[in-house]
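To start, the structure under review is shown below, and the notes come after it.
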Amino acid sequence: MSEVKIFSFEEVAKHNTADDLWMVIDGKVYDCTKFLPEHPGGEEVVIDCGGIDASQPFDDIGHSEDARDMLKDLYIGDIDPASLPVTSGDSSSNKAAGSGGSSLPLILTILVALIAAAYFVLNNQQQ
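Residue numbers for the sequence shown follow full-length UniProt numbering, beginning at 1 and rising by one.
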């Protein structure tokens, strides 16, 4: 059995582009570069999590067990926990602390409101 590679957060943070995309999920480092075109939610959401601890955004989406199983093929090592950025625990946490996906519920709420407004406007014009 091969030895597990340990990466510093600084090293992971360098891999944050579509051509070279790593992320941390639950203390494990994944190279998601080749997976980008296959991601059902689109490439952009994955790219936004590149080079960071994406544990919270990954969990917030509610990925299926199949999605979690797919991570096994992308696994390249573990993160050095001592190298992770210290967070204050408040809402001003930086992107590197994993808050990159926290605006998704707000965006979805706004989108639903806009669709509902458009429906009512169009429905009233037909009457």
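Every residue, glycine too, gets a C-beta built ideally from N, C-alpha and C.
Here's a check: name, in chain order, each residue in its chain whose Cβ is nearer than 7 angstroms to the Cβ of residue i, leaving out the five neighbours to either side.
i: Gly77; result: Val4, Lys5, Ile6, Phe7, Val29
i: Ala18; result: Leu36, Glu43, Ile47
Write down the C-beta distance between residue i and residue j rounded to the nearest angstrom, noting that I regard them as a contact closer than 8 angstroms.
i: Met23; j: Ala54; result: 4 angstroms
i: Cys32; j: Leu74; result: 6 angstroms
i: Gly62; j: His15; result: About 25 angstroms separates the two Cβ atoms, so there is no contact after all.
With H, G and I counted as helix, E and B as strand and the rest as coil, what does DSSP make of residue i?
i: Leu84; result: coil
i: Ile107; result: helix
i: Ser91; result: Reliability of the predicted coordinates at Ser91 is poor, the pLDDT of 43 falling under 50, and the value obtained from them is presented with this limitation in mind. Reduced to three states, the DSSP call for Ser91 is coil.
i: Ile6; result: strand
i: Ala97; result: Unreliable placement is indicated for Ala97, whose pLDDT of 45 sits below 50; the coordinate value is still reported in the next sentence. Helix at Ala97.
i: Ile79; result: strand
i: Asn124; result: helix
i: Lys28; result: strand
What residue range does the alpha helix (DSSP H) around residue i cover?
i: Lys72; result: 65 to 74
i: Ile61; result: 55 to 61
i: residue 158; result: One cannot answer for residue 158 here, as it falls past the ends of the chain, which runs 1 to 127.
Take residue i and list the residues in its own chain whose beta-carbon comes closer than 6 angstroms to its own, dropping the five residues that flank it on each side.
i: Ala96; result: Model confidence at Ala96 stands at a pLDDT of 45, short of 50, so the residue's coordinates are unreliable and nothing is read from them.
i: Phe9; result: Ser83, Leu84
i: Asp26; result: Ser55
Which same chain residues, not among the five before or five after residue i, have their C-beta less than 8 angstroms away from its C-beta?
i: Leu21; result: His15, Asp31, Cys32, Thr33, Leu36, Val46, Ile47, Gly50, Gly51
i: Asp80; result: Ile6, Phe7, Ser8, Phe9
Q) Using 8 angstroms as the Cβ pair cut-off and three pairs as the minimum, do the region 32 to 42 and the region 107 to 116 touch? A) no
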